[in-house]
Structures are given as structure tokens and as C-alpha cells.
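Q: Below is a structure I'd like to ask you about.
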Amino acid sequence: MEINTVKKIAMIPVMFDSTRVPKKNLILLNGQTMTHYVVKTCIESNVFDEIYINSESLIAKEIADELGVNFFYRNPEHGGSKCTMENVSVKCNGNRCQTHDHFVYDFIQNIEADILFQVHTTTPLIKVDTIKNFVYYFEKNEFHSLFTAISEQKETVFRESPVNFSYKKKNPTQTLEKVLKMTSGMAAWDVNLYKKRYQEYSNKKNTPSFGDSTGWFEIPFIEGIDVDNWDDLEIVNSILYYRNQKMKSEKICYYHNF
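Numbering (the working numbering), first residue to last: 440 to 697.
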């Protein structure tokens, strides 16, 4: 299949039953919701054939109509607040869905796409060029799935064991091997392979979210900030204010001239 014939859909999931930051997708940050920022950035990137807001709330449809994008109504039982779906990742039993396996599958069963790009509202600092480069990177490689990630060159410990350093020697941090941390910013999937993995429903194979070939796309730390708690929200709000007020100066000032 030629790249220019592939149908690329951006899907922006919007839920209003968040617990750590209640109704965070309705909070105004410098006059707009996080959904507004993400949708506008997707539109400006001009790399998607269609853009959808995916939600079980008609409040999200108001935002979609306002911004001129499509709206997909998600049944609360299909990856929402009362999910009844199950697959290799989780069986929800009518509870709030904790994995995107379910609402992604529900979406691609109803909306035609060759490649699905998920862009989360909780990373409103993501920029246009990052979205463009992410899409290009997926198209040029043979991944089943691709995720954004941030990297750190710091001593990292997992279960009390060093990951990228040794207790026997202290090395400069800039010489350490990078450790990647997945962010919620963007994900991409080959739709046909995703469906195949979901329908196979086998614990012996990778979940449809990861598939057989998973790629990682590094993005800047700031763009990878994911609003999970009130501290994250405060940081994001401050950066958005900084950007919107055009306070950034090309000149770097120092305490002492030298």
C-alpha cells in the first residue's frame, strides 16, 4: 500500500470521570481546555485525513463542533465509565476502564482507518512539529505500534537494582545510557494488525497495544508532561501562560557579565 493512499485518523479520547484531578478535561487553562490545545495542534499539523474527539459525553461534542472536527460517541460500556469489554489486558466487569485497548478497538470497529494516531488531551504542550515528525516516523518504519517517550540520563533504579549504572563506580550523568520513559502524548497503530491481535485474545501473544513490533519516538521533556495530578496541572498551566503571553526572550540574561 502506497503511503499517500493510507487513511490516517487522529483520535483524541476525552473522559470526564477522572479521579486524581476531577473533571480535568473541563478545567480552563489560560481560557481553554486541554482538549482545545490538543485539537488545534492536530489541525495545524495538517497530517491527518480526519480528526475525531472520542467521548461518552456530549459536552465533548460541543468542543468538537466549536473546533470543526468530528465527534465519535463512545458507549460507556465500550471502554468508558461502565466498561463491559474484556481482552488479554483486562476484564472490566462494568467498572471504569483502565486500559485503552477497549476504547481503541471500539473506535476502529466503527471508523474506517489504516493508521490510527491517538493524541491525549493530558499532554497539551505537544507541538506541531512533534506531531508531524511522529507521523512521518511511523509511516517510514514497519512498526505495529509506536509510542512517544522521554529520555533521561540519570542513575535509575528498579526494584533496588541499578538499571544504567553500577554501584562500583560513579560516572558523569552525561555518560550514562539513556533510559526511556513512555509518555501518554501520542500512540500509533496499524489498524488491521491491532484488530487481529485483539480478536486472537491470547495470553501467549502481546496485547494489541504493543503488537509484535513496537517503536519509541523521543520527544522533548516539556512536551511529554502528562497531567495526572494537581502538580502536573500547575506546571502545564504555568508553561501555557508563559507561551500565551509571549514572555519568552531570545536573549539569555546572566547575574554577572563575563
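All C-beta atoms in this analysis are idealised placements derived from N, C-alpha and C, irrespective of residue type, glycine included.
Rounded to whole angstroms, how far is the Cβ of methionine 589 from the Cβ of isoleucine 678, which I believe are closer than 8 Å?
A: Note on residue identity: the sequence assigns isoleucine, not methionine, to residue 589. Actually they do not touch by this definition, with Cβ atoms about 15 Å apart.
Q: Determine the DSSP secondary structure at valine 596, reduced to helix, strand or coil.
A: In the three-state scheme derived from DSSP, where H, G and I count as helix and E and B as strand, valine 596 is classed as strand.
Q: Report the start-end ranges of each beta strand (DSSP E) in the region 623-696 that is 3 residues or longer and not cut off at the edges.
A: 653-657
Q: Between the alpha carbons of glutamine 638 and glycine 650, how many angstroms are there, rounded?
A: In this structure, the CA atom of glutamine 638 is about 12 Å from the CA atom of glycine 650.
Q: Measure the C-alpha to C-alpha separation of threonine 622 and valine 567 and round it to an integer number of angstroms.
A: 17 Å
Q: Taking the straight line between their C-alpha atoms, what separation do you get for methionine 440 and lysine 446?
A: Per-residue confidence for methionine 440 stands at a pLDDT of 46, beneath the threshold of 50, marking its modelled position as unreliable; the derived number appears in the next sentence. Those two C-alpha atoms are separated by around 11 Å.
Q: Ignore the nearest five residues each way along the sequence and tell me which others in lysine 462's own chain have a CB closer than 7 Å to its CB.
A: A distance below 7 Å between beta-carbons, with the five flanking residues on each side excluded, links lysine 462 to the following residues of its chain, in chain order: Phe455.
Q: Considering only C-alpha positions, which residue in the set Phe586, Val602 and Thr587 is nearest to lysine 593?
A: Val602
Q: Counting beta carbon pairs with one atom in the region 651-671 and one in the region 598-615, are three or more of them shorter than 8 Å?
A: no
Q: Can you pull the DSSP bridge partners for lysine 733?
A: With the chain running from 440 to 697 in the structure shown, residue 733 is simply not present.
Q: Does DSSP put phenylalanine 455 in a helix, a strand or coil?
A: DSSP, read as helix, strand or coil, puts phenylalanine 455 in coil.
Q: With C-beta atoms as the reference, is alanine 449 less than 8 Å away from isoleucine 498?
A: no
Q: Between aspartate 540 and asparagine 464, what straight-line distance do the alpha-carbon atoms span, to the nearest angstrom?
A: 21 Å
Q: Who are the near neighbours of serine 494 in its chain, counting only those whose CB is closer than 8 Å to its CB and skipping five residues on each side?
A: Pro452, Val453, Met454, Phe455, Lys500, Phe510, Phe511, Tyr512 and Arg513
Q: What would DSSP say about asparagine 572, mapped onto helix, strand or coil?
A: helix
Q: Measuring alpha carbon to alpha carbon, tell me which of Asn668, Val630 and Cys481 ends up nearest threonine 458.
A: Asn668
Q: Under a three-way DSSP split, which group does valine 478 fall into?
A: helix
Q: Count Cβ pairs between the region 463-481 and the region 572-592 that sit closer than 8 Å; are there 3 or more?
A: no
Q: Can you grab the Cα-Cα spacing for the pair lysine 635 / lysine 530, in whole Å?
A: 18 Å
Q: Do isoleucine 664 and leucine 564 have their beta-carbon atoms positioned less than 8 Å apart in this structure?
A: Judged by their CB atoms, leucine 564 and isoleucine 664 are nearer to each other than the 8 Å cut-off.
Q: Straight-line CA distance for tyrosine 680 to glutamate 578?
A: 34 Å
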